[in-house]
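Undergrad: Have a look at this one before I ask anything.
Protein chains in written order, with the numbering used here: chain A, 1 to 338; chain B, 1001 to 1338; chain C, 2001 to 2338; chain D, 3001 to 3338.
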């Protein structure tokens, strides 16, 4: 940590900062410039170093944190890629894995039909919502456990593992009975009670970035899960909220290389939510793979114009099949397969 | 709902839209312009009208929703102000009510000391965190139930009702035993499981706006609570996330008159989180009251430079006292008291 | 400037940074922590210190700039408030000065009529657009020099000085013949050619914040003008662009106390653009004054529903008169007059 | 245009709107729903239809514009791709064209050396700044006309056409003497005086998106240039401003397919500014091509750590050469060449 004093900080202000550093069990390292004094904090101590408290002291201009706050998620302390097993493959490995399926599981038939179609096209796992986080209390909220049972049937038919969102920490035991991967949605990325619960579960987790969360916030949320010893965490970029209204969200493509550099965890991209319109999904899928994403999660529906949710951004089977073919070519161009 | 067809939509495209409208149980109202056709959807039907599905149809350019999606929160259907009782006063009434206290309840002594100080200065209720949503799993997470007990003691001493954040739906019964108002934090504004739980509880709720939520999203979140018959909901603006880094958040002062126009629920402003720096808290408190806020929620700490959280934005007792005096003058200038 | 080395920086990396610092004519001040090394750069040298170049060197994690980059605008080096004379009063003094008038000068009659009305209500200066920056090339672009002549007539009638936008550096000589204050609009805040031209002119300038500019960017833009020796600069907050769509822009009320702390220049608030809807203008005007703004600039039109631009956010004469009365009361509550 | 009346609009409110529509020379088309009345405006008239004015009328809730406001830029009225000739190739054609070179032209030698290197690696045109828009008045502002002369020499040596930024409308005649393409920078995207001047020049233009401009704003800015009969306009996405601080800007990759759908103009992507860090430039270049961009503009410098500007995001010759090879493979995977 570095404490930057104000231009006009007094000798007493500086002495107070130094004395606090020493009381906290660290050493102060003074650097006196022409314009101002800078104090480095070095050493180790059991007392946590609260930057905020130092920044409140008289004569302090600002405090700069130096260390990475996400020790477990950081590549600095864990240089090798973490691979998360999925259906005999590995998310984070050479092959781009695609998770596909409807926004909501609407019926037994539709989920089985969709599972067969996305498997045929090359998907590795099946997505489908049983509990839906809807902006309006009057919108369809999902079929709950029944939907999970239907998904389990679809798994039996196709062999595709199930990825589904969980919203209620109390339902972790029930949902893990059915699901292969627990999805934490964007709206719950900082629902710490839920993060702790899925961390405890030791189940694989797909953690979606909050719509106004920074990459650093996402890594801190992953840290919650990792701190329970659950290392099977996949990070998912799904678009952030900006002033642009031409698309539902702004796909933060930069997040892909930033995450691949900062963390060892695999990076999945969700072009469906990141654009909100099916006609842009293929272009952004290819972009994500070209930028280095390890996987994709894509909404597919037998009949998007009748979907109970997210119809606007869902692909038909045919369009998904074409997407898979075209994504495969881009994957090969970056020395991956799909 | 209005369906705007594309410039080059075919007669068949238009017929398909009309036929869908009629199948859904509504009436289509055609308006043929030189450039394009516009179709109004009128009537009532038990089938929900999903704009998204229409926008997926061939030849459709866009779909505009016309009705307000938050019937219970909207002032259209409930023109009179809702008043939420708080300590013998009413949030939403003539008097500006101030909720004050520390970010976290750090000890029995500090919360009692703070409660006495803020009461003395004119606060109506006491805030204090027992369960803290922290970005890092390594940061102080709050003293839990013990903190609630200490707050209850502080209430006994001062008479100030308790406002505290709840993060876990499973803890609603326990927290409501102590708390007078349940706070739903910004990070949980769209944690629908929690919204349903606090709705069911019938306890007064302070609902904070998510940091990337629109005013409309906030009203939809309130609608979740209201739909359980719990009408004692206070909305709280606490700053949104923007590109500006000079402050922790951007205080959305516009949200005050917008909310007062759109909804009958009382509007509370949190200048501490909205700025993130104590030196701006008084200015923004006065601004919020001048703009029409019904209440304020402010972080106060006996010694901000030692705070376990949010020290940077906490006021000392002395500064809070001065703030109260100055806010009072502004309140009077807009025909309110404080 | 502080150079923070990476965790795994080599001794050679560190030596290279030190040697560059010394080559640039500064002294390096080493601080070796357990985790990483931090290098302070002290001293003075004619060679500019380019943080970016250091951050490109091997082994460097990041570079933190310490000094304020806006020496002339900063309050650090110029603690006393700058007062800009306006119509016998001073922007930045005790009295809140209000600049009012139409978005565009539409005719000789309307500008004279409006000037009389706003003067009567207590305005100090008259605003009006002769050259209009319109998003569409097909929208009304202003009446040009003719409009300036009409404004000059209005000044003769009322005594109100003229504030008008300038877009073309080549027109500075012509516009300064008529205008008392040159307004640089939000879209041109980083039009450096124009900033240099108005700086050279030595005419008072009202500099509006760009819609995605930080407070720091605004101060750097002011620095361009100040660096020509033109110190009569008024800064204007007019709302920034965010994800919120309930209002045209998001009024950044925080910017008021931030600017008052960072700079000695007077701060004007534009509630008309900051909200985009006339019904919110009075609330936000009062908020701005309560937060510490020195002045307001408000759009007023004899008949907003017939305005050639910005009708949606323009006040009628009657509403402006009422606003003035109510703002006056808030001004008094913060020990100012209006 | 569609006028949506408020829930409680009176018969007189509705009649007033209709009468205004008819006075403006259009026909009103009424659609009376259970909840509210909607009025479509059809027909043609010389009177411009100002949505804003209607939205100011009593009883009006909102006004929805239906027609595309950018007739010349829109693909609706001009379905075929516009191809802009560049060095014997065509921007917008099958081949991905790459414009490369330094941020600033620092010396005669460096620009010639860089031109040779980027040509060798496969670039089609040379970029280089002679007039630099710098946030600070104290930063290097470019070598001006001298830099243009050096670029002309580099063109003579390599045959690469010159792309350079213009900031001052008065300099159009001089700059067009040297430059093959005039670049309008992000900060000047709504400098309408400049847009008119480059439109008049009939010179090819590279128009960069403003950092807080929507895709629609960008198309309206292009419309200014097109309306002068200058159709050789290339649009450039260079990142937008958001809350994310891990990168300099947020690359809006969605803008690529959105623009390709909305307009016939070619789309160029600038991964250097869109990320701000050289280590992410290759990943984002590949993403842009995979998403459908027609060209790239990339900063390359012989020695980035000594660059007078943008060193942090500039590639070395070697890294640029490698990027070209890898981009070529992605181009082929999407049926293009590079």
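Beta carbons are placed, not taken as given, at the ideal position from N, Cα and C, and that holds for glycine. What you are looking at is a predicted structure, and each value in this text was computed from that prediction instead of being measured.
Using the Cβ count rule (16 or more neighbours within 10 Å means buried), how would you classify residue 3325 of chain D?
TA: Result: exposed.
Undergrad: Compare the C-alpha of residue 3290 of chain D against each of D:3306, D:3246, D:3327 and name the closest.
TA: D:3327
Undergrad: Please confirm if the stretch 2034-2050 of chain C is in contact with the stretch 2219-2239 of chain C, defined as three or more CB-CB distances below 8 Å between the two stretches.
TA: no
Undergrad: Is residue 2042 of chain C close to chain A, meaning its C-beta is less than 9 Å from at least one C-beta of that chain?
TA: Yes, its Cβ sits closer than 9 Å to a Cβ of chain A.
Undergrad: Output, in sequence order along the chain, the residues in the stretch 1068-1094 of chain B whose CB is closer than 9 Å to any CB in chain C.
TA: If the cut-off is 9 Å between Cβ atoms, the stretch 1068-1094 of chain B has nothing near chain C.
Undergrad: Tell me, to the nearest whole angstrom, how far the beta carbon of residue 1323 of chain B is from that of residue 1282 of chain B; I am working on the premise that it is less than 8 Å.
TA: About 5 Å; that satisfies the 8 Å criterion.
Undergrad: Tell me whether residue 1157 of chain B is buried or exposed, calling it buried when 16 or more other Cβ atoms sit within 10 Å of its Cβ.
TA: exposed
Undergrad: Evaluate residue 1023 of chain B with the Cβ neighbour count: other Cβ atoms within 10 Å of its Cβ, from every protein chain shown; 16 or more gives buried, anything less gives exposed.
TA: exposed
Undergrad: Specify, as a first and last residue, the run of the beta strand (DSSP E) that residue 1299 of chain B falls within.
TA: 1295-1299
Undergrad: Please report the residue range of the beta strand (DSSP E) in which residue 2125 of chain C lies.
TA: 2125-2127
Undergrad: Give me the residue from C:2302, C:2295, C:2304, C:2310 with the minimum Cα distance to residue 2123 of chain C.
TA: C:2295
Undergrad: List, from N- to C-terminal side, the alpha helix (DSSP H) runs of 4 residues or more that fit wholly inside the stretch 218-273 of chain A.
TA: 255-262
Undergrad: Under 9 Å Cβ-Cβ, which residues of chain B neighbour residue 3007 of chain D?
TA: 1067, 1068, 1076, 1077
Undergrad: Which class does residue 1336 of chain B belong to by DSSP, given the choice of helix, strand or coil?
TA: Per DSSP, reduced to three states, the secondary structure at residue 1336 of chain B is coil, with no helix or strand assignment.
Undergrad: In chain A, what lies closer than 8 Å to residue 1294 of chain B by C-beta?
TA: By Cβ distance, chain A contributes nothing, its closest Cβ being about 24 Å from residue 1294 of chain B, past 8 Å.
Undergrad: Pull up the DSSP beta-bridge partners for residue 3062 of chain D, would you.
TA: D:3004
Undergrad: How many whole angstroms separate the CB atoms of residue 272 of chain A and residue 240 of chain A, which I take to be in contact at a CB cut-off of 8 Å?
TA: Not a contact, Cβ separation roughly 15 Å.
Undergrad: For residue 1067 of chain B, which option in B:1247, B:1060, B:1189, B:1076 has the closest C-alpha, if you only look at C-alpha atoms?
TA: B:1076
Undergrad: Along the chain, where does the beta strand (DSSP E) that runs through residue 2089 of chain C open and close?
TA: 2089-2091
Undergrad: By Cβ distance, which residues of its chain are closer than 7 Å to residue 2231 of chain C, with the 5 residues on each side in sequence left out?
TA: 2082
Undergrad: Select from C:2188, C:2166, C:2237 the residue whose C-alpha is nearest the C-alpha of residue 2204 of chain C.
TA: C:2166
Undergrad: Identify, in the order they occur along the chain, each residue of the same chain with its Cβ nearer than 6 Å to the Cβ of residue 1220 of chain B, setting aside the five sequence neighbours on each side.
TA: Cβ neighbours of residue 1220 of chain B beyond the five flanking positions: 1070.
Undergrad: Taking 9 Å as the threshold (beta carbon to beta carbon), is residue 3029 of chain D in contact with chain B?
TA: yes
Undergrad: CB-CB under 8 Å to residue 303 of chain A, same chain, minus the five flanking residues each way: which ones, in chain order?
TA: 316
Undergrad: With H, G and I counted as helix, E and B as strand and the rest as coil, what does DSSP make of residue 3034 of chain D?
TA: coil
Undergrad: Could you tell me whether any non-hydrogen atom of the ligand NAP is closer than 8 Å to the CB of residue 1117 of chain B?
TA: Ligands in the displayed structure: none, and consequently the ligand NAP is not present.
Undergrad: Tell me which residues share the same chain as residue 65 of chain A and place their Cβ nearer than 7 Å to its Cβ, disregarding the 5 neighbours each side in the sequence.
TA: 1, 51
Undergrad: Taking residue 1176 of chain B as the reference, which of B:1200, B:1318, B:1245 has the closest Cα?
TA: B:1200
Undergrad: At the level of alpha carbons, what is the spacing between residue 1152 of chain B and residue 1178 of chain B?
TA: 6 Å
Undergrad: For residue 313 of chain A, which of helix, strand or coil comes out of DSSP?
TA: Here residue 313 of chain A sits in helix by DSSP.
Undergrad: What are the boundary residues of the beta strand (DSSP E) that residue 376 of chain A is part of?
TA: Outside the shown range of chain A (1 to 338) lies residue 376 of chain A, about which nothing can therefore be said.
Undergrad: The beta strand (DSSP E) with residue 85 of chain A in it runs from where to where?
TA: 84-86
Undergrad: Give me the chain A residues within the contact set of residue 2242 of chain C, using Cβ-Cβ distance strictly less than 7 Å, ordered along the chain.
TA: 243
Undergrad: Which partner residues of residue 1040 of chain B appear in the DSSP bridge assignment?
TA: B:1002, B:1029
Undergrad: Going by other Cβ atoms of all chains shown within 10 Å of its Cβ, with 16 needed for buried, is residue 252 of chain A buried or exposed?
TA: buried
Undergrad: Can you check whether the C-beta of residue 122 of chain A is within less than 9 Å of a C-beta belonging to chain C?
TA: no
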